[in-house]
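Each remark here refers to the structure printed beneath this line.
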Amino acid sequence: MSAFSLFDSACLHMICFMAMMWLQVIRRRVKMDISTIAQAKNHLPKLIHAAEAGDDIRISRHGKLVAVIISAERYQQHFNSGTGIFQAIMEWREKQSALDLTDTEVDSWRDRAVAREFSWE
């Protein structure tokens, strides 16, 4: 396997993982509070209690999401579910292969006129 295909595979795995996490959040319709780091520091016990009650607490810095507080129970469910991330991604890829998409169809999704500049230097 070439280095490129390993990199490509790793990127695909990360994208799939993030998509699966967002789908779980959407499916559960979990309430997510947004706090700044300063607010989190001043109200940490309240935020911990909210997380224990099932809320996901998003913490931002300068308007950008930097951390999420979730309950220990949710953490255990996500990270010790018995199905590893690689297995979950492989199952997702099998489902996608059933769509019978052609290379031409997939290539049409990207606007190649808006390419990014790239340099190894």
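Okay, so the sequence shown: first residue is 0 according to numbering that gives the first Met the number 0, each after it adds one. In this text, a Cβ means the ideal position worked out from N, Cα and C, and glycines have one as well.
Residues bridged to residue i (per DSSP)
i	result
T35	S59
V67	R57
Residue interval of the alpha helix (DSSP H) (run including residue i)
i	result
D110	It is not in any alpha helix (DSSP H) - D110 carries neither H nor E in the DSSP assignment.
H48	L43 to E51
W119	It is not in any alpha helix (DSSP H) - W119 carries neither H nor E in the DSSP assignment.
Alpha carbon of residue i to alpha carbon of residue j, nearest angstrom
i	j	result
A164	D55	Absent from the model: residue 164. The displayed extent of the chain is 0 to 120, so no value can be given.
H42	M17	28 Å
D110	E116	14 Å
A114	L11	20 Å
I47	R60	19 Å
F85	S96	16 Å
For residue j and residue i, believed in contact at Cβ under 8 Å, the rounded distance
i	j	result
A66	I58	4 Å
Exercise. Report yes or no: do three or more beta-carbon pairs, one from the stretch 95-106 and one from the stretch 65-81, lie closer than 8 Å?
Key: no
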